[in-house]
Amino acid sequence: FKVPILVKNIGDHELLELSIVENIQRQNLNAMEEAEAYQRLLTDFKMTQEKIARQVGKSRSAVANFLRLNQLPEDIKASIKDGLISMGHARALLGAETAALQRQAWKIVIMKSLSVRATEALVQRLNAEKQEVVKPARKPEDLYFSTIEEDLARHFGTKVLIKRRGKRGKVEIEFYSDDDLDRLLSLFKSE
Numbered sequence: 025f026k027v028p029i030l031v032k033n034i035g036d037h038e039l040l041e042l043s044i045v046e047n048i049q050r051q052n053l054n055a056m057e058e059a060e061a062y063q064r065l066l067t068d069f070k071m072t073q074e075k076i077a078r079q080v081g082k083s084r085s086a087v088a089n090f091l092r093l094n095q096l097p098e099d100i101k102a103s104i105k106d107g108l109i110s111m112g113h114a115r116a117l118l119g120a121e122t123a124a125l126q127r128q129a130w131k132i133v134i135m136k137s138l139s140v141r142a143t144e145a146l147v148q149r150l151n152a153e154k155q156e157v158v159k160p161a162r163k164p165e166d167l168y169f170s171t172i173e174e175d176l177a178r179h180f181g182t183k184v185l186i187k188r189r190g191k192r193g194k195v196e197i198e199f200y201s202d203d204d205l206d207r208l209l210s211l212f213k214s215e
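Per the numbering used here: the sequence shown = residues 25 to 215.
This is the structure in structure tokens:
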């Protein structure tokens, strides 16, 4: 039987690029090895994500998702290589706002053998908890004025803001129609 053969003269640079692409197309690479190979094509060979996608037969978004794995801390990348977590877990961990939160979530994922969905929920919860911690504590003066705002809002039945500048300030009372303004004016007159 006969096999069609294509003979090409290519340089070392192109040969290396082709060997990396061929290596990626093998099915036995783990997600991290694939991500590192895409990164090499991107940096060493100045290929775009679009060109990489065409060469390896994947969508550009799939290539982009693999490339994002390179942003993870080294210990998490090692656990992907070792098969401790899947690419789905890794993508969920990328949603954590900081490397510290990624590591915290990663440890819980491994310890509790969480599913990908549970990992996504965990990352959301940790991000929300971080935001709550970051909120600055309100000064007693701020609490005092926010209490007055709430009292006035209840009294007038509309949104009230107190804006301060040093010892001065102003009170803003919102109205939403001419009738609403008339209602507020009658409340002032009756006081």
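A virtual CB, placed ideally from N, CA and C, is assigned to each residue, including glycine.
In chain order, what residues of the same chain lie with their CB nearer than 6 angstroms to the CB of residue i, ignoring the 5 residues before and after it?
i, result
"residue 184", "173, 176, 177 and 197"
"residue 38", "none"
"residue 100", "130"
Using CA coordinates, which residue listed in the options is at the minimum distance from residue i?
i, options, result
"residue 179", "214, 193, 167 and 147", "214"
"residue 115", "93, 142, 127 and 28", "93"
"residue 76", "48, 103 and 194", "48"
"residue 188", "170, 181, 78 and 140", "170"
"residue 139", "65, 118, 109 and 98", "109"
"residue 143", "126, 64 and 190", "126"
"residue 194", "201, 200 and 186", "186"
If we count the other Cβ atoms within 10 Å of its Cβ and call it buried at 16 or more, is residue i buried or exposed?
i, result
"residue 58", "buried"
"residue 133", "buried"
"residue 62", "buried"
"residue 129", "buried"
"residue 137", "exposed"
"residue 205", "exposed"
"residue 135", "exposed"
Have a look at residue i and residue j and give me their C-alpha separation to the nearest angstrom.
i, j, result
"residue 52", "residue 46", "12 angstroms"
"residue 148", "residue 120", "7 angstroms"
"residue 73", "residue 60", "13 angstroms"
"residue 56", "residue 91", "9 angstroms"
"residue 97", "residue 79", "28 angstroms"
"residue 151", "residue 117", "11 angstroms"
"residue 201", "residue 212", "17 angstroms"
"residue 131", "residue 83", "31 angstroms"
"residue 154", "residue 209", "44 angstroms"
"residue 123", "residue 106", "20 angstroms"
"residue 181", "residue 112", "49 angstroms"
"residue 102", "residue 156", "31 angstroms"
"residue 67", "residue 104", "22 angstroms"
"residue 25", "residue 64", "39 angstroms"
"residue 85", "residue 71", "15 angstroms"
"residue 190", "residue 203", "34 angstroms"
"residue 192", "residue 199", "23 angstroms"
"residue 164", "residue 54", "55 angstroms"
Note down, in chain order, each residue of its chain lying with its Cβ closer than 7 angstroms to the Cβ of residue i, except the 5 sequence neighbours on either side.
i, result
"residue 87", "62, 73, 76 and 77"
"residue 89", "115"
Grab me the residues of residue i's own chain with a C-beta within less than 8 angstroms of its C-beta, minus the 5 sequence neighbours each way, in chain order.
i, result
"residue 28", "none"
"residue 167", "none"
| Ordered list of alpha helix (DSSP H) runs contained in the stretch 64-121, each at least 4 residues | Look at the stretch 64-121 and you find these whole runs of alpha helix (DSSP H), each 4 residues long or longer: 73-80, 84-92, 98-105 and 111-117.
| said: To test your reading of the DSSP string, which unbroken alpha helix (DSSP H) runs of 4 or more residues are found completely within the stretch 142-201? | reply: Complete alpha helix (DSSP H) runs here, min 4: 164-180.
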